[in-house]
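Student: The listed protein sequences correspond, in order, to chains A and B. Residues in the first sequence are numbered from 169 upward in steps of one, following the numbering used here. Residues in the second sequence are numbered from 4 upward in steps of one, following the numbering used here.
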Amino acid sequence: DAKTTQPPSMDCAEGRAANLPCNHSTISGNEYVYWYRQIHSQGPQYIIHGLKNNETNEMASLIITEDRKSSTLILPHATLRDTAVYYCIALSQGGSEKLVFGKGTKLTVNP
Amino acid sequence: EPEVTQTPSHQVTQMGQEVILRCVPISNHLYFYWYRQILGQKVEFLVSFYNNEISEKSEIFDDQFSVERPDGSNFTLKIRSTKLEDSAMYFCASSKRSSLGPGWPYNQPQHFGDGTRLSIL
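1) Pull the bridge partners of residue 274(A) from the DSSP assignment, please.
2) Check the Cβ-Cβ distances between residue 271(A) and every residue of chain B, and say whether any is below 8 angstroms.
3) Leaving out five residues on either side along the sequence, give the residues of the same chain with a beta carbon under 6 angstroms from the beta carbon of residue 277(A).
4) Name the one or two DSSP bridge partners that residue 218(A) has.
5) When you compare each of 178(A), 171(A), 257(A) to residue 212(A) by their alpha carbons, which one comes out closest?
6) Contact between the region 219 to 232 of chain A and the region 8 to 15 of chain B: three or more CB pairs below 8 angstroms?
7) Determine whether the Cβ of residue 43(B) lies closer than 8 angstroms to any Cβ atom of chain A.
8) Counting along the chain, where does the beta strand (DSSP E) carrying residue 22(B) start and finish?
9) Determine, using beta carbons only, whether residue 114(B) and residue 90(B) come nearer to each other than 8 angstroms.
10) For a contact meaning CB atoms closer than 9 angstroms, what does residue 65(B) contact in chain A?
11) Which one or two residues does DSSP pair with residue 46(B) in a beta bridge?
12) Looking at the C-beta of residue 27(B), does it have a partner C-beta in chain A at a distance below 8 angstroms?
13) Who are the Cβ neighbours of residue 226(A) in its own chain at under 8 angstroms, not counting the five residues just before and after it?
14) Going by alpha carbons, who is nearest to residue 275(A) out of 171(A), 218(A), 234(A), 176(A)?
Right, dumping it as structure tokens:
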């Protein structure tokens with residue numbers, strides 16, 4: 169599975185949009201981009217995933233560039249409860265089922 | 004919303020003792036996983052399980068580890084003779100079969116429980 173690169177930390181003001189970038193320049197055509205987050209020591213929480221089209225659900229939006237080498241997770245109106253470590257993970261079809269977690273981005277939402 | 008539940012939330016065990024961590028996956032899910040996270044480190048994959056068989060395991064998952072689905076609802080991780088370095092948070096996860104058909108679990112997200120903190124003394 170492709171390696172992903174994320175900034176180690178980001179800050180965001182409460183109520184503003186949080187845009188979390190992820191680079192996956194070696195991603196292959198059958199690899200999905202998954203986003204999870206981990207609040208303190210809780211279990212990782214699934215947020216969203218996509219292959220090549222932009223995706224939106226009740227939690228967030230996922231914007232994937234046309235060349236699929238990078239993506240951005242958007243939390244439209246960040247709240248203090250969104251403070252967490254966010255993980256971007258590439259996962260292929262036809263390959264391993266395991267999620268490979270990196271260090272992620274520590275997002276701090278400030279009041 | 005259905006969720007993965009894990010018990011106990013905290014387990015303290017003497018080194019060398021056996022420990023069993025329990026998980027109840029989401030009811031219509033067919034794929035089950037264990038991950039662990041040593042304090043301050045990354046979440047690491049241990050094992051995946053489908054159709055009563057291990058489908059993949061990591062180097063961490065050695066002969067001291069085993070998994071079992073003893074009935075229709077529970078999924079367990081057993082560590083036979085615990086070591087100090089087994090101290091970690093252990094997370095169970097489950098996912099459902101893709102609607103695309105058999106053999107495609109990876110485009111269905113894994114949902115995690117809140118973990119069991121295992122402390123080895």
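From the three backbone atoms N, C-alpha and C, an ideal C-beta is built for every residue, glycine too.
Tutor: Concretely, from the data shown:
1) 177(A), 253(A)
2) yes
3) 180, 182, 246, 248, 250, 251
4) 201(A)
5) 257(A)
6) Cβ pair count under 8 angstroms is below three, so no.
7) no
8) Counting along the chain, the beta strand (DSSP E) containing residue 22(B) begins and ends at 22 to 27.
9) no
10) Close to residue 65(B), with beta-carbon spacing below 9 angstroms, lies no residue of chain A; the smallest spacing is near 16 angstroms.
11) 40(B)
12) no
13) none
14) 176(A)
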